[in-house]
Amino acid sequence: FPVTIYRFQMVLVSNLEAGIEFNLLFETIKDLAKKKFPKLRLIIIGGGEGELEVRAAASKYKIEDRVEFMGRLSHEKVHEVLAQSGIGIALYNDSAPWRYFSDSMKARDYMATGLPVIISGDTSTTADIQQAGAGKEVKLNKKELTESIIELLENEKSYKTARDNALRLAKNNDIEQVLLRAFMRLI
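Now the structure itself:
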């Protein structure tokens, strides 16, 4: 059965301890919701020791009504929420020690459900997303984040192209496809 996609629903899956630039995201959501996209909202999936600080930041920016904290969910339920969302967010601030030389599995999950990804940070996933046109790479500043969100939400063609490219990239990185390419190089 068809899934309803809420394009103005962004989603972020994360451990809430470190590594995500929540203040920048919340400030940008506040401004965009007020000026351009009154339906804009964010779902946060995950938990951790930093959850109280993240909730306090949402309160500081007065966007509690636009942010839904879902806590930790099963992988199946996460994918259900992702499939109904419009944009996947992965704003890494490089404060977590695991960030260097990493690959963003959350971004790969976003793409597997058709989400264009807005991502920052130096990961192999970032390069893949950029090359495939499956989302936007941003520096951690309000101008770039704002412009990327606006382009995906205002321009239907850009959004559809990024969504199609995200699905194509995810399919290309499916384990069967990866193994087939490796096998073909051997023969």
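First residue of the sequence shown? That's 543 in the working numbering, and the numbers climb one at a time after it. Note that beta-carbon positions come from the ideal geometry of N, C-alpha and C, so glycine has one too.
task = Grab me the residues of E591's own chain with a C-beta within less than 6 Å of its C-beta, minus the 5 sequence neighbours each way, in chain order.
result = The residues are E559.
ask   = In whole angstroms, what separates the C-alpha of Q673 from that of Y603?
value = Taking the straight line from one Cα to the other gives about 34 Å.
ask   = Is it true that the CB of L582 sits closer than 7 Å to the CB of E594?
value = It is worth fixing the name first, because residue 594 is Leu in this sequence and not Glu. Result no, Cβ atoms of L594 and L582 do not sit closer than 7 Å.
query = For the beta strand (DSSP E) that contains L633, what are its first and last residues?
reply = Looking at the DSSP string, the run of the beta strand (DSSP E) that includes L633 is 627–633.
query = In the DSSP assignment, what residue or residues form a beta bridge with V609?
reply = Paired residues: L584.
inquiry  = Excluding the 5 residues flanking G588 on each side, which residues of the same chain have their C-beta closer than 7 Å to its C-beta?
reply    = Cβ neighbours of G588 beyond the five flanking positions: V555, S556, N557, L558, R614.
query = Distance, Cα to Cα, R710 vs K576?
reply = Just so you know, the alpha carbons of R710 and K576 end up roughly 34 Å apart.
ask   = Do the CB positions of F550 and F579 come within less than 7 Å of each other?
value = Their beta carbons are under 7 Å apart, which means F550 touches F579 by this criterion.
inquiry  = With the cut-off set at 7 Å, would you say T743 and I661 are in Cβ contact?
reply    = Nothing about residue 743 can be reported from this structure: the residues present for the chain run from 543 to 729 only.
task = Compare the beta carbon distance of I605 and I631 with 7 Å and say whether it is the shorter of the two.
result = Taking a C-beta distance under 7 Å as the contact criterion, I605 and I631 do not qualify as a contact pair.
inquiry  = Quick check: the Cα distance between V620 and Y701, rounded to an integer number of angstroms?
reply    = V620 and Y701 have their alpha carbons spaced roughly 22 Å apart.
Chain-order list of residues whose beta-carbon lies under 6 Å from that of P658 (same chain, five-residue window excluded) = Here the set comprises I629, G677, L694, A704, R705, A708.
request  = Identify, in the order they occur along the chain, each residue of the same chain with its Cβ nearer than 7 Å to the Cβ of R608, setting aside the five sequence neighbours on each side.
outcome  = Answer for R608: I571, A575, L582, R583, L584, listed in chain order.
query = What separation, rounded to the nearest whole angstrom, lies between the Cα atoms of T665 and L682?
reply = Using only the alpha carbons, I get a separation of about 14 Å.
message = Measuring only the C-alpha atoms, how far is N697 from T688?
response = Cα-Cα distance, rounded: 14 Å.
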